Amino acid sequence: MQKFSKLLCNTLKEVPNDAVIPSHQLMLRSGLVQKSGSGLYNLLPLGLRVIQKVENIIREELNKVGCQEINMSVVTPSELWKESFRWDELGDLMLKFTDRSGRESCVSPTNEEAVVDLFRKQVNSYKSLPLTLYQINTKFRDEIRPRFGLMRCREFVMKDAYSFHENKLCLDKTYDQIHSAYESIFKKMGLDFMVVEADAGAMGGSDSKTHEFQVIANSGEDEVVISKEANYAANIEKAMTQRQPLDFDESLDNLTEVSTPNQKTMEELSVFLNKPLHHLLKSLIYISVKGEKRDLVQVVLLGDDNLNEIKLKNHLSVDEIYPATDSELEKSGLVKGFIGPKGTPIKCFVDKSVSATSAYVVGANKQGCHFLNFIPDRDGKMSPVDLRLAKEGDLVNGATVSIKRGIEVGHIFQLGDKYTKLMSATILNSEGKSVAPLMGCYGIGVGRTAAAAIEQSHDEKGIIWPKAIAPYHISIIIAAKNNPEINQLAEDIATECEALGLECIIDDRDVGIGFKFNDYELIGFPSAIVLGKKWINDKEIEVKMRRSGETLTLTRDTISDRLLELIK
RNA sequence: CGGGGUGUGGCGCAGUCCGGUUAGCGCACCUGUUUUGGGUACAGGGGGUCGGAAGUUCGAAUCUUCUCACCCCGACCA
Numbered sequence: 002m003q004k005f006s007k008l009l010c011n012t013l014k015e016v017p018n019d020a021v022i023p024s025h026q027l028m029l030r031s032g033l034v035q036k037s038g039s040g041l042y043n044l045l046p047l048g049l050r051v052i053q054k055v056e057n058i059i060r061e062e063l064n065k066v067g068c069q070e071i072n073m074s075v076v077t078p079s080e081l082w083k084e085s086f087r088w089d090e091l092g093d094l095m096l097k098f099t100d101r102s103g104r105e106s107c108v109s110p111t112n113e114e115a116v117v118d119l120f121r122k123q124v125n126s127y128k129s130l131p132l133t134l135y136q137i138n139t140k141f142r143d144e145i146r147p148r149f150g151l152m153r154c155r156e157f158v159m160k161d162a163y164s165f166h167e168n169k170l171c172l173d174k175t176y177d178q179i180h181s182a183y184e185s186i187f188k189k190m191g192l193d194f195m196v197v198e199a200d201a202g203a204m205g206g207s208d209s210k211t212h213e214f215q216v217i218a219n220s221g222e223d224e225v226v227i228s229k230e231a232n233y234a235a236n237i238e239k240a241m242t243q244r245q246p247l248d249f250d251e252s253l254d255n256l257t258e259v260s261t262p263n264q265k266t267m268e269e270l271s272v273f274l275n276k277p278l279h280h281l282l283k284s285l286i287y288i289s290v291k292g293e294k295r296d297l298v299q300v301v302l303l304g305d306d307n308l309n310e311i312k313l314k315n316h317l318s319v320d321e322i323y324p325a326t327d328s329e330l331e332k333s334g335l336v337k338g339f340i341g342p343k344g345t346p347i348k349c350f351v352d353k354s355v356s357a358t359s360a361y362v363v364g365a366n367k368q369g370c371h372f373l374n375f376i377p378d379r380d381g382k383m384s385p386v387d388l389r390l391a392k393e394g395d396l397v398n399g400a401t402v403s404i405k406r407g408i409e410v411g412h413i414f415q416l417g418d419k420y421t422k423l424m425s426a427t428i429l430n431s432e433g434k435s436v437a438p439l440m441g442c443y444g445i446g447v448g449r450t451a452a453a454a455i456e457q458s459h460d461e462k463g464i465i466w467p468k469a470i471a472p473y474h475i476s477i478i479i480a481a482k483n484n485p486e487i488n489q490l491a492e493d494i495a496t497e498c499e500a501l502g503l504e505c506i507i508d509d510r511d512v513g514i515g516f517k518f519n520d521y522e523l524i525g526f527p528s529a530i531v532l533g534k535k536w537i538n539d540k541e542i543e544v545k546m547r548r549s550g551e552t553l554t555l556t557r558d559t560i561s562d563r564l565l566e567l568i569k
């Protein structure tokens with residue numbers, strides 16, 4: 002039986018100054034974790050219990066759909082990564098080192114290569130497929146900027162699963178199974194989450210299915226575009242929405258230069274010319290990088306739209322893009338604040354929401370000047386592409402969308418045969434032909450999920466754990482000093498509750514009652530039993546419920562059964 | 001990497017501008033008494049070479065130079 006007096010758990014009254022979001026602050030204050038370095042955390046006993054519960058829920062649900070658990074070495078040799086070219090592609094994200102014999106290795110940031118290597122050494126026949134392997138293991142990504150405690154660490158625990166298939170149909174089936182297993186996992190943990198369409202990003206193929214599991218929370222680092230009516234949900238990186246209908250300027254007047262001294266922003270210009278923002282066009286200059294090659298790219302958007310950089314990057318299929326710096330603009334003879342699509346030699350893309358036949362105000366590529374009545378079809382040479390960043394109020398299938406912040410706790414991908422091909426992993430299919438199997442990969446951030454649960458479930462007093470991942474279910478608070486009867490009662494009730502699967506911790510610390518109450522609320526056990534006056538005087542037992550804050554009076558003979566009903 | 005900021009006991013801070021006793025306060029910790037239904041009160045106590053190095057000075061937490069670490073805003077992502 003766990004006694005609080007023996008538990009390594011020092012709660013903090015004050016907020017450590019480097020924690021800025023609730024989950025991070027509360028994890029530190031309630032003695033769940035301890036920081037050991039930038040993006041590095043030690044799990045203390047209570048924190049570890051939470052993490053283990055998350056892990057076990059994941060295990061249970063994945064095992065149900067036939068996934069097999071394995072454990073791969075955390076350190077992986079460079080050779081594997083070189084086969085997929087990711088040794089260089091992932092670059093500094095990987096923590097690389099050389100051991101005493103001069104072998105290069107890294108601490109795995111993900112395990113596609115390792116699992117393909119395992120697979121190719123173990124599996125030769127289509128008869129073994131489909132096969133889904135997973136592990137719950139430590140990963141290391143040398144994040145550019147670790148932050149928010151367990152939300153974005155460098156070293157973290159991730160559940161990563163990999164599936165292998167003979168054909169797309171089979172991959173789709175497993176993908177859907179994992180999709181629903183993920184829904185069960187996050188539902189079990191009591192999280193309010195959404196499944197959204199995602200961009201495949203750096204980790205996967207480009208035109209395969211991929212979804213993210215986003216926990217809706219204000220501190221989320223992602224933006225999610227949602228429309229319930231249209232049954233639409235997508236990461237903003239991917240979201241393709243339309244603008245509300247616009248009144249275009251249909252004038253056919255000739256292109257006219259107009260003096261616009263010092264009107265450098267869209268807003269200033271809009272006021273100066275007395276035209277709505279969407280009658281102006283915004284020109285952005287980006288540098289695209291592919292290998293050693295650097296190119297200038299011009300992007301033209303409606304004056305009140307913003308660029309979705311991911312869309313541009315995907316459209317160009319380049320390694321990286323970034324806004325041109327002032328000196329790069331100068332070098333190209335462009336005038337910051339007055340850039341426009343008229344007569345520039347730069348490759349130019351225009352967002353689809355710009356009407357090709359309507360008149361716009363554009364920069365004249367000349368200090369202090371703009372053009373009026375620029376009509377794209379007539380006056381420019383631009384290819385229309387969907388490039389704009391979705392925004393609140395846009396339309397999808399006629400329904401308006403809203404934008405919420407989300408924490409990406411899970412991501413599922415269809416990888417196709419990218420890795421099996423690169424690493425020559427083949428199987429014999431039913432026709433006796435050697436083929437590269439298709440793969441899916443599926444991740445869940447374990448620590449991040451625990452953090453997300455706190456983001457979503459806390460109040461000014463502390464954490465409010467959902468039952469499924471609470472470190473203990475009940476804190477039995479001893480509110481009487483040196484009272485053998487009460488002490489015994491606490492032990493008896495604890496034993497009884499544990500028999501029903503309710504985990505108890507007995508708060509037998511030699512501190513004031515207020516201290517115990519505050520810690521119970523801070524750590525956020527779902528309920529507390531208070532043994533003190535009420536028992537001594539009336540033989541009644543007081544029970545507090547953390548989420549509702551209500552206080553109940555129960556009797557000794559029904560207490561454990563009642564608690565089993567009450568703690569949900 | 002670019003921009004901003006902070007380093008003083010486990011945590012939160014004052015002191016730094018304007019150098020000068022033995023570096024201070026709150027929380028936490030230890031001892032004793034007290035209190036015991038919402039962080040009780042009192043008394044005593046332990047713990048810091050002021051991130052590090054070099055320099056200026058009779059004298060440096062304080063000034064100078066260099067360095068390291070950490071945090072916040074952006075690019076990365078489970």
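If you count the first sequence from 1, you need to add 1 to reach the numbering used here. Even glycine gets a Cβ: it sits at the ideal position worked out from N, Cα and C. Keep in mind it's a predicted model, so treat the numbers as computed, not measured.
Under the 8 Å Cβ criterion, the stretch 398-417 does not count as touching the stretch 425-432, having fewer than three qualifying pairs.
A residue is called buried when at least 16 other Cβ atoms come within 10 angstroms of its Cβ; Asp327 does not meet this threshold and is exposed. Per DSSP, Glu15 lies in no alpha helix (DSSP H) segment and is marked neither H nor E. Taking all protein chains in view, the Cβ of Lys569 is surrounded by fewer than 16 other Cβ atoms within 10 Å, so the residue is classified as exposed.
Contact check for Cys442 against Tyr163 passes: the beta carbons are separated by less than 8 Å. The straight-line gap separating the alpha-carbon atoms of Arg379 and Glu258 is approximately 16 Å.
Under DSSP, Leu303 takes part in a beta bridge, and its partners are Leu282. Note on geometry: alpha-carbon atoms of Tyr42 and Phe339 lie some 49 Å from one another. Here DSSP, grouped into helix, strand and coil, assigns Thr401 to strand. Taking all protein chains in view, the Cβ of Glu293 is surrounded by fewer than 16 other Cβ atoms within 10 Å, so the residue is classified as exposed.
A distance below 8 Å separates the beta carbons of Val298 and Leu317. Assigned with DSSP and collapsed to three states, Asn236 falls in strand.
Around the C-beta of Ser109, 16 or more other C-beta atoms lie within 10 Å, and the residue is accordingly described as buried. Inside the stretch 382-457, DSSP marks whole alpha helix (DSSP H) runs of 4 or more residues at positions 419-423, 447-457, from first to last along the chain. Within a 10 Å sphere around the beta-carbon of Leu170 sit fewer than 16 other beta-carbons, which makes this residue exposed. Taking the C-beta atoms as reference points, Thr133 is found nearer than 8 Å to Gln69. Counting C-beta pairs with one atom in each stretch, the stretch 444-455 and the stretch 494-502 have fewer than three that are closer than 8 Å, which means they do not touch. The alpha carbon of Leu285 has as its nearest neighbour, out of Asn488, Arg389, His412, Glu486, the alpha carbon of Arg389.
Within the stretch 494-550, the runs of alpha helix (DSSP H) at least 4 residues long that lie entirely inside it are, in chain order, 514-524, 534-539. Annotation: Ser37 to Leu29 spans about 12 Å, alpha carbon to alpha carbon.
Spatial neighbours of Gln3 in its own chain (CB-CB distance under 6 Å, excluding positions within 5 residues in sequence) are listed in chain order as Ile506.
DSSP places Gly48 inside the alpha helix (DSSP H), whose first and last residues are 46-65.
By the neighbour-count criterion, in which a residue is buried when 16 or more other Cβ atoms sit within 10 angstroms of its Cβ, Asp511 is exposed.
Under the three-state reduction of DSSP output, Gln245 falls in the coil class, being neither helix nor strand. Of Glu230, Lys210, Phe214, Tyr176, the smallest CA-CA separation from Asp193 is found for Phe214. Taking 4 residues as the minimum length, the alpha helix (DSSP H) runs contained wholly in the stretch 159-211 are 169-189, in order along the chain. In the DSSP assignment, Phe149 is bridged to no other residue. In the DSSP assignment, Gly463 is bridged to Asp460. Residues of the same chain with a CB within less than 7 Å of the CB of Ala451, apart from the 5 flanking positions on each side, are Val51, Ile52, Val55, Leu151, Ile470 in chain order. Scanning Gly433, Glu80, Leu330, Thr554 for the CA closest to the CA of Gly103 turns up Glu80. The continuous beta strand (DSSP E) containing Ser228 extends over residues 223-228. For the pair of segments examined, the stretch 399-408 was found not to touch the stretch 380-387: the number of CB pairs separated by less than 8 Å stays below three. Pairing Pro262 with Gly341 gives a Cβ-Cβ distance that is not under 8 Å.
Distance from the Cα of Asn519 is smallest, within the candidate group Leu303, Ile465, Leu555, for Ile465. A distance below 7 Å between beta-carbons, with the five flanking residues on each side excluded, links Thr345 to the following residues of its chain, in chain order: Gln299, Asn366.
Within the stretch 64-150, the complete beta strand (DSSP E) runs of at least 3 residues fall at 76-78, 96-99, 105-108, 132-141.
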